[in-house]
Structures are given as structure tokens and as C-alpha cells.
Amino acid sequence: MWRDEQGIAHVFRDVCPHRLAPLSLGTCIDGNLRCPYHGWTFDRDGSCVDIPALGRDATYPPRAKLTAPAGVYESHGMIFIAPEEPLTPRPVVTAASDPAMMRGDIPVDTTRGGAGLLADNFLDMAHFPFVHVNTFGADEVREVPPYAVTRDGYRFEAVYEHEFANREDPLVATGEHPLIQRRRLTYRYTAPFHLELDIHFLDTGGTNVIGFFLTPVDDEHVRVYSSLWRNDVDGDTERMREAVDFEVAVIGEDIALQSRFGQLTLPLDPTIEVHTRADKTTIELRRILADLCAAATA
Ligand code: FES
Ligand SMILES: [Fe+2]
């Protein structure tokens with residue numbers, strides 16, 4: 325993957341058609357990519373434009389061409405690659421195009437874990453008072469009130485409103501705001517592993533969005549990409565850094581448990597686990613992933 329002078333990302337399989345050397349070790353020259361081994365050079369369409377060993381005015385073999393993925397898509401600070409024609413819609417984070425929102429990126433981490441299990445964990449609300457006791461969970465109510473999940477193809481959205489203790493609000497200390505305030509949590513999921521939590525503070529008007537994007541690495545490891553978007557830090561990079569640090573601690577609490585699971589696959593057969601009405605988001609996750617697996621193997 326490389327960017328040309330206009331900043332557009334070009335992506336090809338990491339294999340040179342000549343002697344299969346890794347092109348990712350190559351060099352970008354004038355918007356083209358030169359293989360590190362014998363210097364074959366490819367343009368942004370993947371066509372060969374130079375084979376130094378053949379000298380000037382040579383004709384190049386027709387198969388001297390790079391293999392491109394079906395699609396490349398850049399959005400909200402990430403580049404998505406579809407090796408084959410994708411079945412799922414392109415992921416969008418609406419907050420990313422809102423100029424009032426400031427973005428902070430959590431350092432990318434690869435951990436022992438299952439992508440399906442981490443997605444399940446992100447969508448789960450009932451674990452807050454138990455897993456997150458050292459960050460935000462101590463005050464969280466244990467009961468998960470009824471909420472609605474709306475599915476749209478390979479996506480869903482779940483909305484629920486509840487009361488919480490807002491210890492971050494400076495006007496609580498002065499008595500201008502009550503400690504117990506209301507917030508609306510909107511979970512958005514796009515299969516397979518693109519997740520978003522939009523936290524809207526109904527009493528103070530601020531919005532925090534947490535994006536959580538997963539790439540399975542192998543059967544035992546997953547790479548975690550996460551970003552925050554906030555409209556309540558007034559462009560203050562120090563406050564944003566504190567928010568990122570806090571989120572790193574929250575994710576750390578989750579990973580500490582998730583990485584210890586013996587079985588790292590998410591069961592898609594609904595009879596394997598026990599479900600309750602508090603698990604509606606994570607049941608929908610399993611349904612959508614089961615449908616996606618069926619469509620992918622059809
Ligand atoms: S392997 Fe790439 S130029 Fe020979
Ligand atoms: Fe969590």
C-alpha cells in the first residue's frame with residue numbers, strides 16, 4: 325500500500341509477479357512502486373512500466389501486472405481493503421465528518437483474543453459494573469432496562485437511555501447540575517467487525533463516540549483499532565489525550581478478561597450459550613454473523 329502525490333492510497337497484493345518478492349519492501353518513485361529485488365516498477369494501476377534488466381524500449385510480459393483487491397475505501401482515519409467483492413456495506417462513522425468533533429486515536433494493539441468475542445464484549449452492557457470497577461463501572465447500575473435493536477441487513481442499531489452518575493461534569497461540584505443525569509447510548513454495528521458507541525449526554529448536550537474496529541490476525545490473535553470523537557473538549561488536545569488514556573485503561577480491563585478465554589471463537593449456534601433479554605445486541609451480532617457466514621459460503 326502506498327500513497328501517490330495526491331495522497332490517494334493504492335493497494336496491491338504484497339507479491340511481485342517476477343520472483344514473488346514482498347513489494348512492501350519496495351520504494352515509491354514518482355508515484356510508482358519499485359520492487360526491491362530487480363527494480364521492476366509498477367504504476368498506480370499496477371501495470372509494469374520498467375524492467376531495468378531489459379534496457380530501453382523493451383516490451384514487457386503481459387502478466388507483469390500487480391493483483392489489485394476488489395475495492396479500497398478510506399474513511400474515518402482508516403483504509404478498508406476488500407480482497408474480494410464485499411458482501412457487507414461500507415462502514416461509516418457519521419461523527420467523523422462533523423467539524424464539531426475532535427478525533428483521538430487509541431494506539432493500535434494486537435492481542436490474544438477472538439474478533440467475534442471482542443465485538444460481543446463491545447456491544448455488551450451488563451459487564452460494566454463488574455469488569456470496569458477501576459474506570460467507569462463502579463457507579464453503573466447493574467440492571468439493563470429493556471431496549472430496542474433495529475436490524476438493517478448486515479447492520480444494526482440499538483438505543484437505550486439510562487441514568488448515570490456524571491462525575492466528569494464540572495457543574496456537579498458547584499451544584500448547578502445534579503450528579504445523577506441521563507444519557508442515551510446508541511450502538512451501531514456493521515458486519516463483520518465495525519462497531520461504534522455514540523454516548524449522548526441528554527442533560528449537558530455533549531456527545532462522545534467510541535469507534536472499535538477489529539481485524540482477525542490468526543485463530544488466536546486480533547488487532548484492535550479504536551478512535552474517539554468528542555464535541556465536548558473545546559479543541560483541547562490535552563483533554564483529548566486524557567480521554568484517550570482513559571479509553572486505553574477501559575479497553576485494557578476488557579482485554580484482560582477476553583484474552584483469558586479458553587475458547588476464542590464466538591458460538592454462532594444459539595443453543596451453545598444461555599441468553600437473556602439483556603443480551604439483545606449480542607444475540608443480533610450472532611444472527612448477523614451466522615447469516616454472513618452462510619452468504620459467504622453459498
Ligand atoms: S522479484 Fe520483483 S523485480 Fe524481481
Ligand atoms: Fe467493556
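For the sequence shown, the residue numbers in the numbering used here are 325 to 622.
Where a beta carbon is used, it is the ideal one built from N, C-alpha and C, also for glycine.
Residue interval of the alpha helix (DSSP H) (run including residue i)
i, result
"residue 444", "439-447"
"residue 569", "561-582"
"residue 615", "604-621"
"residue 598", "That residue, residue 598, is in no alpha helix (DSSP H); it is neither H nor E in DSSP."
Residues that DSSP places opposite residue i in a beta bridge
i, result
"residue 333", "327"
"residue 405", "396"
"residue 361", "According to DSSP, residue 361 bridges with nothing at all."
"residue 426", "554"
"residue 484", "509"
"residue 538", "548"
"residue 525", "507"
"residue 518", "514 and 537"
"residue 366", "357 and 372"
"residue 489", "504"
"residue 436", "545"
Euclidean distance between Cα positions of residue i and residue j
i, j, result
"residue 329", "residue 344", "27 Å"
"residue 615", "residue 534", "26 Å"
"residue 619", "residue 568", "37 Å"
"residue 427", "residue 511", "18 Å"
"residue 606", "residue 325", "34 Å"
"residue 362", "residue 377", "8 Å"
"residue 546", "residue 375", "39 Å"
"residue 456", "residue 611", "27 Å"
"residue 474", "residue 502", "32 Å"
"residue 412", "residue 392", "19 Å"
"residue 571", "residue 577", "10 Å"
"residue 358", "residue 347", "8 Å"
"residue 334", "residue 494", "46 Å"
heavy atom of ligand 2 below 7 Å from residue i C-beta
i, result
"residue 548", "no"
"residue 455", "yes"
"residue 532", "no"
"residue 433", "no"
"residue 458", "no"
"residue 486", "no"
"residue 574", "yes"
"residue 578", "yes"
Reduced DSSP secondary structure (H/G/I, E/B, other) of residue i
i, result
"residue 533", "strand"
"residue 420", "helix"
"residue 547", "strand"
"residue 453", "helix"
"residue 339", "coil"
"residue 431", "strand"
Any non-hydrogen atom of ligand 1 within 7 Å of residue i CB
i, result
"residue 345", "yes"
"residue 326", "no"
"residue 370", "no"
"residue 352", "no"
"residue 384", "no"
"residue 363", "yes"
"residue 617", "no"
"residue 400", "no"
Residue i, enclosing beta strand (DSSP E) - first and last residue
i, result
"residue 472", "472-476"
"residue 468", "First-last for residue 468: undefined, no H or E at that position."
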